[in-house]
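**Q** Structure in structure tokens, see below.
Protein chains: 2
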Amino acid sequence: MNAVKQMKKFVEPKSVALLGASRRTGEDAFNIIENLLSYGYQGRIYPVNPNVSEILGLKTYPRITDINNEIDLAIINLPRSLVPSAVRECTKQGIQSIIIVTQGFADASDEEGKQLQKEIDELIKKSGIRILGPNTLGIANAFINFSSSFRKIELVRVPVGIICQTGVFFTGFPGLRLIGKGIDLGNACDIDIVDGLEYFEQDDDTKIIALHIEGIRDGERFLRAANRLAQRKPVVALKTGKSEYAAQAVQSHTGSLVGKDEVWETALRQSGVIRVNDIDELGDSVRAFSSLPLMKGRKIGIISASGGLGIMSIDACHKFNLEVAKLSSITMERINALSPSWMGISNPVDIWPAYMVQKQPMTELLTESIGAVLNDYEVDAALFMWAPISHQNCSDLCQLLVKLAEAHQDKPLVCSLHGPYAEEARNNLEVTGRVIVFHNPDRAIRALAHLARYSAFRRGF
Amino acid sequence: MNAVKQMKKFVEPKSVALLGASRRTGEDAFNIIENLLSYGYQGRIYPVNPNVSEILGLKTYPRITDINNEIDLAIINLPRSLVPSAVRECTKQGIQSIIIVTQGFADASDEEGKQLQKEIDELIKKSGIRILGPNTLGIANAFINFSSSFRKIELVRVPVGIICQTGVFFTGFPGLRLIGKGIDLGNACDIDIVDGLEYFEQDDDTKIIALHIEGIRDGERFLRAANRLAQRKPVVALKTGKSEYAAQAVQSHTGSLVGKDEVWETALRQSGVIRVNDIDELGDSVRAFSSLPLMKGRKIGIISASGGLGIMSIDACHKFNLEVAKLSSITMERINALSPSWMGISNPVDIWPAYMVQKQPMTELLTESIGAVLNDYEVDAALFMWAPISHQNCSDLCQLLVKLAEAHQDKPLVCSLHGPYAEEARNNLEVTGRVIVFHNPDRAIRALAHLARYSAFRRGF
Chain V
144 MNAVKQMKKF VEPKSVALLG ASRRTGEDAF NIIENLLSYG YQGRIYPVNP NVSEILGLKT
204 YPRITDINNE IDLAIINLPR SLVPSAVREC TKQGIQSIII VTQGFADASD EEGKQLQKEI
264 DELIKKSGIR ILGPNTLGIA NAFINFSSSF RKIELVRVPV GIICQTGVFF TGFPGLRLIG
324 KGIDLGNACD IDIVDGLEYF EQDDDTKIIA LHIEGIRDGE RFLRAANRLA QRKPVVALKT
384 GKSEYAAQAV QSHTGSLVGK DEVWETALRQ SGVIRVNDID ELGDSVRAFS SLPLMKGRKI
444 GIISASGGLG IMSIDACHKF NLEVAKLSSI TMERINALSP SWMGISNPVD IWPAYMVQKQ
504 PMTELLTESI GAVLNDYEVD AALFMWAPIS HQNCSDLCQL LVKLAEAHQD KPLVCSLHGP
564 YAEEARNNLE VTGRVIVFHN PDRAIRALAH LARYSAFRRG F
Chain A
144 MNAVKQMKKF VEPKSVALLG ASRRTGEDAF NIIENLLSYG YQGRIYPVNP NVSEILGLKT
204 YPRITDINNE IDLAIINLPR SLVPSAVREC TKQGIQSIII VTQGFADASD EEGKQLQKEI
264 DELIKKSGIR ILGPNTLGIA NAFINFSSSF RKIELVRVPV GIICQTGVFF TGFPGLRLIG
324 KGIDLGNACD IDIVDGLEYF EQDDDTKIIA LHIEGIRDGE RFLRAANRLA QRKPVVALKT
384 GKSEYAAQAV QSHTGSLVGK DEVWETALRQ SGVIRVNDID ELGDSVRAFS SLPLMKGRKI
444 GIISASGGLG IMSIDACHKF NLEVAKLSSI TMERINALSP SWMGISNPVD IWPAYMVQKQ
504 PMTELLTESI GAVLNDYEVD AALFMWAPIS HQNCSDLCQL LVKLAEAHQD KPLVCSLHGP
564 YAEEARNNLE VTGRVIVFHN PDRAIRALAH LARYSAFRRG F
């Protein structure tokens, strides 16, 4: 079976067997079958448990070898000492794809853990099987309502795939939609990040790939695969385990090697992978790549209701290596016509004085000024900053922003909103998938910087 | 009148006159009197407007000189050409404290703006008056339900004072409580950051001071005042206007000078002011300083339900110059007793395997493990990371964390929570003011690093 075809058995299984199925249910039972049923997974589920005949209405098999039907994927959730023999049973049954959920192998500090891992390694060598884990939540696939996670997770069909070395990303962070499909590598004793990259390269459900990397066995092979993928889809990587002490901790967490951070920095950059430094930045970047068009250059037009935020945006452009656009004379004239006579017009455009003059309602004022900036051939992306003053104002604002984004589909429009209605506007805009709202100008500009860098990579720079 | 006494007339006025009072009401009328009444301000309010006799039920005076009572503070919200004569009228009336809300002075690009500012400067020189602004929202003081802001703002009695050069901080950012009292300097033609620092030094309502600085006239005087204040209360500063282009923009925003960023970096550090780089960091630091005790050293104990997050925390400690504590043998033994036999115990403590073994319920497990780390003499602060699995679990968790914090009042306990119940737990814990929750481990560690640095400054290092 070719590698991608086998990866599909993991990510898109039509049938799964669970070794170590339990009748215990409820939030702290971490029952994989209960979760699968709650997601509405439509594939066949075979619980394996010699002590009971039925689990949650499903017929239960004493042993995996008692099942006569084809099984795409086996999930092993047994005490670690029972795992090697369970793997052996699976291979007898012709199962090629196995997730080992259990902890206590390369991640353990004792000899038994290492010995058990060796036994599994032998079984992999001797047969054509592939193993995901051990020490993993395994797979999430919102597109078929499937996850092998023992923690119940939220499945949403976003075009984002994640490959990670911790189940934390399956659990999710507030406001981040990082998983349409997820592959938790755990200890990565066999299936590694490259297998994941190859799967996502051919997967049409996935448009953006997020990576959480602690360590990797074959750096060159990874970079080749990442580079090939990055030429088609944005790849964003959170590389952790930077310090020496962290490297030791990685060793005991998943047993993988880390490598010098400076090497990673250069290698990721050259291969077109966008490197991020923390979870906020990962989420911000994925949101930006999910909704915004690529940029033709690095010049940012800024429209703000606050001179102070304008200055923070300039600082951020400087820090993240973007340019504050020099607006064309036509744009300057259009803004000038809106503003009080004493206003010196420049970029960032401070639109508050014009709003105070109130020659025209907010909707027209903002449509005209943001539109002017987006129209400017000197501008590659626009940042707009505002504090909605009421529910009505918030709703008007969202409408006009979506219209502007739709009229300027070749240029990203991002926002940083503040004040008591910022959250409401953020939620309203997020669902439209047209305009992305960030917590502050620094984060907005940082996301645009990633977008600009990736755009340049795609243009061949 | 001494300087602080005069500042009190601004921040704690018992009576205010508003020049440029309007009858227009509603969210987009930006009516200062309407706002004042909605806050429940108990001082006397004198609207000045020659065209109407009553505004929102308040008797209106044609001119400021028609008012026979003492007035602590005048707020001028008139077209800029009328401002100098309004100031002159105020001085005739013996008013010593004036806020000029109006824009278009040093912040304007035309000659008239500069000329009008000169006229105001002359009036300041000739009399004992002091002016806040122009181009400002002025003052906010939640403790007396007062604000001169034309934008309606949220007043909450938190012990945080802010001195800023943009009204944006009055409007607020989601999740940030930056203002119990606020002084928006605007163009700072007269009252400047030092006046604000001196006010907050003696103000018992304010325990933490946040600064937003674009530029300053007299750097040495500022640093002396900041240093004196920092020896009593934490001072956190967001210094913007870093690049050359930003410095030019500052000039046109408020007309103040910026200075080289490296000079600022050193000067702020030496004076004990905590410098932050963006609005998230400002909010995080203020939250940390508001609730957490000072630290005796830089050693962090980390308890996590995820090895992956543990590694991110180590990276963050490395980045922000904190130490990952070497746990004492007693602590290691206590954790070991909870964990499966194969677990190698170290810091970060991965508590998930212990939870999976389920020898005891979560509450006891976490109380014991976090308690052990907080008890450790090798630990100066603890970071706990967890994803609550249900509402009940969330509520249990919050209770046990508050108990732990109360039992260990000498050491900060911070959290990074994730998963679908993270937001709920954050909100529950925030109101207790005992345990601070951050969006991710990097932000938690960064806040502790600021706390550690300030603690060292207070110890004389």
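Residue numbers (my numbering), protein chains in the order written: chain V, 144 to 604; chain A, 144 to 604. Glycine included, every Cβ here is placed at the ideal spot set by N, Cα and C.
Buried or exposed: which applies to V/Arg586, given that a residue is buried once 16 or more other Cβ atoms fall within 10 Å of its Cβ?
**A** That one is buried.
**Q** For V/His461 and chain A, any beta-carbon pair shorter than 8 Å?
**A** With 8 Å as the cut-off, V/His461 counts as an interface residue toward chain A.
**Q** 8 Å is my cut-off, CB to CB: does A/Phe581 come that close to chain V?
**A** False, the Cβ-Cβ gap to chain V never drops below 8 Å.
**Q** Any beta carbon of chain V sitting closer than 8 Å to that of A/Met475?
**A** Not an interface residue.
**Q** For V/Asn212, name the three-state secondary structure that DSSP assigns.
**A** If DSSP states are grouped into helix, strand and coil, V/Asn212 belongs with coil.
**Q** Name, please, each residue of chain V whose Cβ falls closer than 8 Å to the Cβ of A/Thr383.
**A** Simply Gly451, Ile454, Met455 and Asp458.
**Q** Go ahead and label A/Thr314 buried or exposed: buried means 16 or more other beta carbons lie within 10 angstroms of its beta carbon, across all protein chains shown.
**A** Counting Cβ neighbours within 10 Å, A/Thr314 comes out buried, since at least 16 surround it.
**Q** Which of helix, strand or coil does DSSP assign to V/Lys257?
**A** Looking at V/Lys257 - three-state DSSP - the assignment turns out to be helix.
**Q** Would A/Ile352 pass as a contact of A/Leu372 if the rule is Cβ separation under 8 Å?
**A** Yes, they are a contact pair.
**Q** Any chance the segment 201-217 of chain V sits against the segment 185-192 of chain V, with 3 or more Cβ pairs inside 8 Å?
**A** Output reads yes: the segment 185-192 of chain V touches the segment 201-217 of chain V.
**Q** Can we count V/Gln501 as close to the ligand FMN, meaning its CB is less than 7 Å from some heavy atom?
**A** You won't find the ligand FMN in this model; it holds no ligand whatsoever.
**Q** Does DSSP classify A/Cys233 as helix, strand or coil?
**A** DSSP places A/Cys233 in helix when its eight states are reduced to three.
**Q** Less than 8 Å between CB atoms is the rule here; does A/Pro277 satisfy it with respect to chain V?
**A** It does not: the Cβ of A/Pro277 has no partner Cβ on chain V nearer than 8 Å.
**Q** Whole angstroms is fine: what's the gap from V/Leu544's alpha carbon to A/Gly247's?
**A** Taking the straight line from one Cα to the other gives about 29 Å.
**Q** V/Thr409 versus chain A: which residues are under 8 Å apart at the beta carbon?
**A** Near V/Thr409 there are no residues of chain A at all, since even the closest Cβ is about 18 Å away, more than 8 Å.
**Q** What residues from the segment 253-286 of chain A come within 9 Å of chain V, judged by C-beta to C-beta, listed N to C?
**A** Answer in chain order: Asp253, Glu255, Gly256 and Asn278.
**Q** Between which residues of its own chain and V/Gly514 is the CB-CB distance below 7 Å, once the five residues before and five after are set aside?
**A** Excluding residues within five positions, the ones whose Cβ falls inside 7 Å are Leu547.
**Q** Tell me which residues share the same chain as A/Val301 and place their Cβ nearer than 6 Å to its Cβ, disregarding the 5 neighbours each side in the sequence.
**A** These residues qualify, in order along the chain: Arg320 and Gly323.
**Q** Please list, in chain order, all residues of the same chain as A/Cys537 whose beta carbon is under 6 Å from its beta carbon, the five residues on each side excluded.
**A** Only Pro531, Tyr564, Glu567 and Ala568 meet the Cβ criterion.
**Q** In terms of residues, what are the limits of the alpha helix (DSSP H) holding V/Tyr182?
**A** Ile175 to Tyr182 is the extent of the alpha helix (DSSP H) around V/Tyr182.
**Q** Answer yes or no: do V/Leu439 and V/Asp519 have a C-beta to C-beta separation smaller than 8 Å?
**A** Leu is not the amino acid found at residue 439 of chain V; the sequence shown has Lys there. The answer is no: Cβ separation not under 8 Å.
**Q** Would DSSP call V/Glu424 helix, strand or coil?
**A** V/Glu424 falls in the helix class under three-state DSSP.
**Q** So which residues of chain V does A/Gln308 contact, with C-beta pairs closer than 7 Å?
**A** Correct list: Gly451.
**Q** Report the residue from A/Phe312, A/Ala448 and A/Asp404 whose alpha carbon sits nearest the alpha carbon of A/Glu297.
**A** Of the listed residues, the one whose Cα sits closest to A/Glu297 is A/Phe312.
**Q** What is the DSSP secondary structure of V/Asn284, reduced to helix, strand or coil?
**A** Three-state DSSP puts V/Asn284 in a strand.
**Q** Please go through the same chain and pick out, in chain order, the residues whose beta-carbon is closer than 7 Å to the beta-carbon of A/Ser428, but skip the five residues on each side of it.
**A** Here the set comprises Val379, Ile417, Val419, Ala590 and His593.
**Q** Select from the segment 144-178 of chain A all residues with a C-beta closer than 7 Å to any C-beta belonging to chain V, and list them in chain order.
**A** Cβ contacts with chain V: Glu170 and Asp171.
**Q** Apart from the five residues just before and just after V/Ser158, which ones in its own chain have a Cβ nearer than 8 Å to its Cβ?
**A** Answer for V/Ser158: Gly186, Arg187, Ile188, Tyr189, Asn212, Glu213, Ile214, Asp215 and Leu216, listed in chain order.
**Q** In the DSSP assignment, what residue or residues form a beta bridge with A/Pro190?
**A** Bridge partners of A/Pro190: A/Leu161.
**Q** Out of V/Arg294, V/Ile422 and V/Tyr342, point me to the one whose CA is closest to V/His355's CA.
**A** For V/His355, the nearest C-alpha among the options comes from V/Ile422.
**Q** In chain V, which residues lie with their C-beta within 9 Å of the C-beta of A/Gln542?
**A** Here the premise fails: no neighbours, minimum Cβ distance about 17 Å.
**Q** On the three-state DSSP scale, how would you describe V/Met528?
**A** If DSSP states are grouped into helix, strand and coil, V/Met528 belongs with the strands.
**Q** Distance check for A/Lys554 and A/Ile326, CA to CA, integer angstroms please.
**A** In a straight line, the C-alpha of A/Ile326 is about 32 Å away from that of A/Lys554.
**Q** Using alpha carbons as the reference points, say which of A/Ser165, A/Gly402 and A/Leu556 lies closest to A/Gly362.
**A** Checked all of A/Ser165, A/Gly402 and A/Leu556; the closest Cα to A/Gly362 is A/Gly402.
**Q** So A/Tyr388 contacts chain C; which residues on that side make the cut at Cβ distance below 8 Å?
**A** The structure shown contains no chain C; the protein chains it does contain are V and A.
**Q** Check for me: the alpha helix (DSSP H) holding V/Ser484 runs from which residue to which?
**A** Neither: V/Ser484 is in no alpha helix (DSSP H) and is coded neither H nor E.
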